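Peer 1: Throughout, my numbering is defined as the position within the sequence shown, counted from one, plus 165.
Don't be surprised by glycine CBs; every beta carbon is placed ideally from N, CA and C.
Given the structure is predicted, the values throughout are model-derived calculations rather than measurements.
Encoded as C-alpha cells, here's the structure I'll be asking about.
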Amino acid sequence: KILAGLEETDDKQKLGTLTVSYKPQYIAADYAGTVQELLMGIATETFTSSWYKTEILQPLKINLLLDRCVMELSGGELQKVAIAACLSRKADLLLLDEPSAYLDVEERLNMARTLRRVVEANNVPAFVVEHDVVAQDFIADRIMVFSGEPGVKGIANAPTSLRKGMNAFLKEMNVTFRRDPVTRRPRVNKEGSKLDTIQKQIGEYYYTRLKQKQE
C-alpha cells in the first residue's frame, strides 16, 4: 500500500514519482458500466488490438464477460477483470495483491502465465503478493519471504532466488514439494513419505528435479 501511495511510511519519506498500476486485495464492484466499457476506458487504443485480445482477454476468458455489468460479476469474474485492468494501464511498476483469490486451479495458472507474458512484453517489473505456492512458482523470478509473529512483528527478508525463498518458507511450514514429471507443476509431498523424509534430510523443501538458474 505504501508503494501504491495509499499509506505513508513511518518517517513520511517520499518514494519517488513512479507511475504505479495497483490491484488491491479487496476489490469493490463500484463501476456502473460493463466490463468492456471499463477496460476500454483504461486500455484506450490498445483494447482493439489483436495483442490485447490474445494476451489478456482470451487467456483470462474476459472476452466472455465483456457485455456483463461489473456490479453483477461473481468474485472470480471480478478478480479477473481487476487483473486485466491492472495489466492494461501504462505504468512503471505493477502491484498485484492476492491475484489468485477466488480463482480455481486452472484460472490461477492462466493468470500467472498471462501476468508473466505481459510483464515480459512491456518490460515492466511487477511486485506480486501471493500465498499460493503453485501460482508464485509460475509468476516469480525472485521472491521475498516475510516472517515473524502475526499481529506482533514482521520481518521482510531480502529478495532471493525462487528456490532459496521457497526452501526458507517451506522449511518454516515443515512442508516439502516435488515437481510433477508430466505437468511440471509443484506438488505437495505426503508428510512422512519417503520423498518428504529425504528432502527434509538434505534440506531441500522445494522441488529438486528441476534446478533453478538463479541461486
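Who are the Cβ neighbours of E380 in its own chain at under 8 angstroms, not counting the five residues just before and after it?
Peer 2: The pLDDT assigned to E380 is 41, lower than 50, so where the model puts this residue is not dependable; a value taken from the coordinates is nonetheless given after this. Cβ within range, chain order: S326, R328, K329.
Peer 1: Using a Cβ-Cβ cut-off of 7 angstroms (strictly less than) and excluding sequence neighbours within five positions of L183, which residues of its own chain qualify?
Peer 2: For L183, where only same-chain residues beyond five positions count, the Cβ hits under 7 angstroms are D257, L258.
Peer 1: Let me know the secondary structure DSSP gives Q379 once reduced to three states.
Peer 2: Interpretation of Q379 is limited by its pLDDT of 41, a score under 50 that renders its predicted location unreliable; no figure is taken from the coordinates.
Peer 1: Identify whether V294 lies in helix, strand or coil by the three-state DSSP scheme.
Peer 2: Three-state result, V294: strand.
Peer 1: Alpha carbon to alpha carbon, what distance is there between M309 and T468?
Peer 2: Because the chain here runs from 166 to 380, residue 468 falls outside it and cannot be looked at.
Peer 1: Unbroken alpha helix (DSSP H) runs of length 4 or more, entirely within the region 286–360: which are they?
Peer 2: Those alpha helix (DSSP H) runs which fall completely within the region 286–360 and span 4+ residues are 298–304, 327–338.
Peer 1: Let's test the definition: count the other Cβ atoms within 10 Å of the Cβ of K378 and tell me whether it reaches 16, buried, or not, exposed.
Peer 2: Low per-residue confidence applies at K378: pLDDT is 42, beneath 50, and the placement is therefore not dependable enough to give any value.
Peer 1: Do A193 and L243 have their CB atoms nearer than 7 angstroms?
Peer 2: The answer is no: Cβ separation not under 7 angstroms.
Peer 1: Which residue or residues does DSSP assign as beta-bridge partners of C234?
Peer 2: Looking at the DSSP assignment, C234 forms a beta bridge with T199.
Peer 1: Which class does S239 belong to by DSSP, given the choice of helix, strand or coil?
Peer 2: Reduced to three states, the DSSP call for S239 is coil.
Peer 1: Nearest CA to the CA of M205: which residue from Y191, R273, I227, K188?
Peer 2: Checking every option, the nearest Cα to that of M205 belongs to I227.
Peer 1: Taking 8 angstroms as the limit between beta carbons, can you name the residues of its chain near G241, skipping five residues before and five after?
Peer 2: Closer than 8 angstroms at the Cβ level, and outside the excluded window around G241, lie Y267, L268, D269, E272.
Peer 1: Going by DSSP, name the residue or residues bridged to L268.
Peer 2: DSSP output for L268 lists no bridge partner at all.
Peer 1: If you draw a straight line from the alpha carbon of S215 to that of Y187, how long is it in whole angstroms?
Peer 2: Between S215 and Y187, the C-alpha separation is close to 24 angstroms.
Peer 1: For D302, count the other beta carbons within 10 Å of its own beta carbon; 16 or more makes it buried, fewer makes it exposed. Which is it?
Peer 2: Counting Cβ neighbours within 10 Å, D302 comes out buried, since at least 16 surround it.
Peer 1: Determine, using beta carbons only, whether V235 and L260 come nearer to each other than 7 angstroms.
Peer 2: No, Cβ-Cβ distance for V235 and L260 is not below 7 angstroms.
Peer 1: May I have the straight-line CA-CA distance separating I367 from V298, to the nearest angstrom?
Peer 2: Their backbone Cα atoms lie some 21 angstroms apart in a straight line.
Peer 1: Would you mind giving the Cβ-Cβ distance between M332 and Y372, rounded to the nearest angstrom? I have them listed as a contact below 8 angstroms.
Peer 2: One point to set straight first is that residue 332 is Asn, not Met, in the sequence displayed. So it is not a contact: roughly 10 angstroms between Cβ atoms.
Peer 1: So, at 8 angstroms on beta carbons, what are the nonlocal neighbours of G319 in its own chain, with the 5 sequence-adjacent residues on each side left out?
Peer 2: The answer, listed in chain order, is F311, S312, G313.
Peer 1: What would DSSP say about K226, mapped onto helix, strand or coil?
Peer 2: Residue state, collapsed to three classes: coil.
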